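Notes follow once the structure below has been shown.
Numbering (this note's numbering), first residue to last: 24 to 267.
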């Protein structure tokens, strides 16, 4: 049994499944974001026994991996920390740069993990860099092409929009292992260098795990949305029929 849903023709059972999946993805994303904020705030109140700051922890991770030449800068915002490979600069937010909390050490070490990835030539991060221009271009044009194609009834434009959205989804898929690997490198360095004690490491791990889940949620949402777009494209090319 088929119905018309406003975007194209499709099986109403699949459409219901898509709605359920999207609701689940949004709920998962909301949980992951709340977990990141909650864990960071919770473990921001736990000071490390060694009293090292986030910036010092990141430096230690780099030294442990034999990486040199990375610069540091303090930036505004909350959890805006990042590593820029073009400038070879790790930017740490005020709540991380000078803080000696377990949460700050974990976040800073994670960003240092990205710097180590670049220095070591980690495959997935090189792939992500290679596809960034195409994926960025695709993500900007995907929805305009889809909407124009649907309005004027041009299946070729709809198909192109789906393809470009698929490229953006590919970027999400490549980003996930990159983020997980950066956290793994960070935690290994924090453990081997003894910067965090045995009871402090699980706290940092929980903070970084919650952050990784936000990327899982983003990928899941993108995949479910891509599934819907493929259904729309197929329905406009004979994949469904209108019920009178």
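In this text, a Cβ means the ideal position worked out from N, Cα and C, and glycines have one as well.
All values derive from a computational prediction rather than experimental measurement.
Any heavy atom of the ligand MN closer than 7 Å to the Cβ of residue 172?
Of ligands this structure carries none, so the ligand MN is not represented either.
Own chain partners of residue 99 with C-beta closer than 8 Å, once the 5 adjacent residues on each side are dropped
116, 117
Output yes if chain D places a C-beta closer than 8 Å to the C-beta of residue 168; else output no.
Considering every chain present, this structure includes no chain D. It has just one protein chain.
Can you grab the Cα-Cα spacing for the pair residue 255 / residue 168, in whole Å?
13 Å
What separation, rounded to the nearest whole angstrom, lies between the Cα atoms of residue 236 and residue 227?
14 Å
What's the C-alpha gap between residue 212 and residue 56?
26 Å
Cβ atoms of residue 210 and residue 135: under 8 Å apart, would you say?
no
Alpha helix (DSSP H) segments (min. 4 residues) lying fully within the segment 155-181:
none
List in chain order: all unbroken beta strand (DSSP E) runs of 3+ residues lying wholly within the segment 95-156.
105-107, 112-116
Just to confirm my understanding: we take residue 120, look at its own chain, exclude 5 residues before and 5 after, and list those with CB closer than 6 Å. What are they?
77, 78, 97
Starting from residue 255, follow the alpha helix (DSSP H) in both directions and report where the run begins and ends.
224-257
For residue 289, list the residues DSSP reports as bridge partners.
Lying outside 24 to 267, the shown extent of the chain, residue 289 is not represented and no answer is given.
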